[in-house]
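Mind the numbering: the sequence shown is residues 14 to 395 in the numbering used here, read in order. Virtual Cβ for every residue (Gly too), placed ideally from N, Cα, C. Written below as structure tokens is the structure these notes are about.
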Amino acid sequence: MAAWLLSAGAALAAPTVVGVRMGDQGDSTRLVLDLTESVRYSVSVLDGPYRVVLDLPIVDWSLPAADEARKLGVIDGFRYGRFDNDTSRLVLDLKGPVEIARAFVLPPEGGARYRLVIDLKPIGTAAFAANRAAAPKAAPEPQLAIRAPPPPARFDKPVIVLDPGHGGVDPGALGATGSREKDITLAMAKELRQVLEATGRYRVVLTRETDTFIPLQRRVAIGREVGASLFMSLHADSVGQPSISGASIYTLSEQASDKEAEALAARENRADLIGGLDLADQTTDVAAILISLAQRETMNLSATFASYLVPEFSKDWHLVRNTHRFAGFAVLKAPDVPSVLVELGYLSNPNDERSLRAANGRRPVIDAVARAVNRYFDLHPV
């Protein structure tokens with residue numbers, strides 16, 4: 014990772030980003046963020062794919078709709094949002110390798126607000142590689158799958174972990190009328206938790222409670238740390254055919270059941286890249302544990318829960334063909350926690366989107382999941 018750390022005076026009040034502008038500087042592309050206050054920041058360049066990551070303290074975002082669609086020069090688009098408890102992040106998608114030519118903050122003048130300015134200069138791949146080699150590298154995070162988990166927390170009830178897909182800088186799929194997958198999955202998880210805990214039978218933990226980016230491995234780790242008996246990752250996809258609608262359930266297999274499942278897993282497994290994580294130093298040993306007997310038993314239990322959920326969905330909701338599918342989702346790879354990924358519906362379908370945006374529209378889905386959970390633990394007590 015090639016990185017530069019620059020700073021301006023610390024903000025005295027909660028800052029807000031009120032505009033994003035881009036300009037052609039001849040030999041570079043200029044990005045300008047209009048802010049209500051000066052901020053500390055760091056900016057870095059990543060490859061695989063090429064991206065610029067701008068980290069800020071927690072800020073509010075109040076961007077005009079026209080700003081959200083901006084792209085110019087080397088900048089092919091951008092995403093923004095909460096990254097963790099202390100950081101907001103903006104990620105620029107690039108058309109090729111760049112270097113940070115300049116980065117600075119301008120004070121207010123002539124009616125303008127504070128402006129954070131970053132100039133991006135296109136460079137060749139050899140120059141980019143040289144910059145990367147010269148930059149200090151952080152120690153890589155050990156792979157979850159080859160690290161012994163901490164002793165799980167002990168509870169007197171089965172623990173169910175609900176994982177609202179996406180979040181923060183990663184909005185997930187966008188609906189036909191602008192709804193965001195990250196908002197729908199979080200609302201669904203909170204409502205489902207309320208219904209499950211009202212039975213008095215379960216303790217329910219969410220991987221995120223707010224609009225925050227959570228890396229895929231951290232989501233899996235949460236399930237293991239709390240000693241989860243069941244892990245459900247909630248999603249709502251979008252595809253190019255608005256006529257496609259309905260729910261589907263995925264369980265883990267390194268051999269995808271069909272091309273659609275394979276493509277979906279590939280998209281979901283890119284969440285850490287979308288969030289601006291540098292994965293260049295990560296190893297691929299996670300797949301090695303999938304052949305263990307413990308993993309096979311876990312996969313069998315995951316498939317069992319899916320077999321209970323499909324008929325419950327058919328009572329109150331609607332299903333796609335081949336409802337139970339298989340693919341290599343990273344978020345399902347805990348070796349000792351039965352896990353499923355639930356695609357609640359398609360935000361590209363107007364009816365699905367309308368239902369999933371409203372609490373009363375989500376309730377049939379929640380009731381179906383709750384019935385399946387009760388049946389699973391009736392037959393597989395822990």
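Straight-line CA distance for residue i to residue j?
{"i": "F342", "j": "A284", "result": "11 Å"}
{"i": "L46", "j": "K84", "result": "14 Å"}
{"i": "V58", "j": "N144", "result": "10 Å"}
{"i": "L345", "j": "T264", "result": "7 Å"}
{"i": "V382", "j": "V355", "result": "10 Å"}
{"i": "M245", "j": "A139", "result": "43 Å"}
{"i": "D183", "j": "Y93", "result": "7 Å"}
{"i": "D97", "j": "G288", "result": "11 Å"}
{"i": "G32", "j": "L119", "result": "14 Å"}
{"i": "R367", "j": "E204", "result": "17 Å"}
{"i": "V353", "j": "E281", "result": "14 Å"}
{"i": "Y389", "j": "A316", "result": "11 Å"}
{"i": "S256", "j": "N362", "result": "6 Å"}
{"i": "A200", "j": "I173", "result": "17 Å"}
{"i": "D329", "j": "N335", "result": "18 Å"}
{"i": "L76", "j": "R309", "result": "48 Å"}
{"i": "I235", "j": "E222", "result": "13 Å"}
{"i": "G124", "j": "A142", "result": "41 Å"}
{"i": "D80", "j": "S320", "result": "45 Å"}
{"i": "W17", "j": "D37", "result": "Note on W17: pLDDT 43, under 50, position unreliable in the model; the coordinate value appears next. When rounded, the distance between both Cα atoms is 22 Å."}
{"i": "E275", "j": "L286", "result": "18 Å"}
{"i": "L303", "j": "A27", "result": "Because the pLDDT at L303 is just 43, under 50, the model does not fix this residue reliably, and the value given afterwards should be weighed accordingly. Going from the Cα of L303 to the Cα of A27 covers about 46 Å."}
{"i": "A147", "j": "N373", "result": "55 Å"}
{"i": "R375", "j": "Q268", "result": "31 Å"}
{"i": "H393", "j": "Q207", "result": "22 Å"}
{"i": "E273", "j": "A78", "result": "32 Å"}
Report back the beta-carbon spacing between residue i and residue j to the nearest angstrom; my notes put them in contact at under 8 Å.
{"i": "R53", "j": "L105", "result": "The pair is not a contact, with the Cβ atoms about 19 Å apart (cut-off 8 Å)."}
{"i": "L48", "j": "V56", "result": "Not confirmed; about 14 Å, so no contact."}
{"i": "L175", "j": "A202", "result": "4 Å"}
{"i": "G178", "j": "G185", "result": "6 Å"}
{"i": "D169", "j": "S258", "result": "Not a contact, Cβ separation roughly 40 Å."}
{"i": "V350", "j": "P171", "result": "About 12 Å separates the two Cβ atoms, so there is no contact after all."}
{"i": "L322", "j": "I262", "result": "5 Å"}
Do residue i and residue j have their CB atoms nearer than 8 Å?
{"i": "T29", "j": "D89", "result": "no"}
{"i": "T212", "j": "L247", "result": "no"}
{"i": "D132", "j": "R214", "result": "no"}
{"i": "V218", "j": "V239", "result": "yes"}
{"i": "F326", "j": "L332", "result": "yes"}
{"i": "R237", "j": "T220", "result": "no"}
{"i": "F318", "j": "A371", "result": "no"}
{"i": "I136", "j": "D99", "result": "no"}
{"i": "K415", "j": "S41", "result": "Limits of the chain in this structure are 14 at one end and 395 at the other, which puts residue 415 out of reach."}
Let me check understanding here. Comparing Cα to Cα, which of the options lies closest to residue i?
{"i": "V111", "options": "A249, T100, D60, R92", "result": "D60"}
{"i": "L69", "options": "D40, L103, A78", "result": "L103"}
{"i": "D196", "options": "R206, A148, A249", "result": "A249"}
{"i": "G191", "options": "L360, N373, S368", "result": "L360"}
{"i": "L314", "options": "F326, P77, A347, L286", "result": "A347"}
{"i": "R95", "options": "G32, G181, D80", "result": "G181"}
{"i": "G39", "options": "G86, N373, P324", "result": "G86"}
{"i": "Y127", "options": "K134, F117, I136, P135", "result": "F117"}
{"i": "M312", "options": "L277, S266, F326, L322", "result": "S266"}
{"i": "E122", "options": "P77, E50, I173, I136", "result": "E50"}
{"i": "M35", "options": "A27, F91, Q207, S242", "result": "F91"}
{"i": "L290", "options": "N362, P62, R376", "result": "P62"}
{"i": "G253", "options": "S261, L243, L277", "result": "L277"}
{"i": "R193", "options": "A82, D224, S242, Q207", "result": "D224"}
{"i": "N387", "options": "A114, L209, G137", "result": "L209"}
{"i": "S242", "options": "R334, E273, P324, D391", "result": "D391"}
{"i": "H337", "options": "P324, K328, W330, D329", "result": "P324"}
{"i": "P377", "options": "N362, P363, L357", "result": "L357"}
{"i": "A114", "options": "A125, S256, V130, G124", "result": "V130"}
{"i": "A260", "options": "L369, R206, A78", "result": "L369"}
{"i": "S396", "options": "A147, A279, F226", "result": "As displayed, the chain neither begins before 14 nor continues past 395, which places residue 396 out of reach and without an answer."}
Bridge partners for residue i per DSSP, in chain order?
{"i": "R95", "result": "S101, T225"}
{"i": "V30", "result": "L48, W74"}
{"i": "H337", "result": "I262"}
{"i": "T42", "result": "D37, L133"}
{"i": "L175", "result": "L219, M245"}
{"i": "F397", "result": "In the structure displayed, the chain extends from 14 to 395; residue 397 sits before or after that span and is not available."}
{"i": "Y359", "result": "D250"}
{"i": "E81", "result": "Per DSSP, none; premise fails for E81."}
{"i": "S352", "result": "F244"}
{"i": "R64", "result": "L59, D106"}
{"i": "V111", "result": "P135"}
{"i": "D183", "result": "G180"}
{"i": "R193", "result": "L187"}
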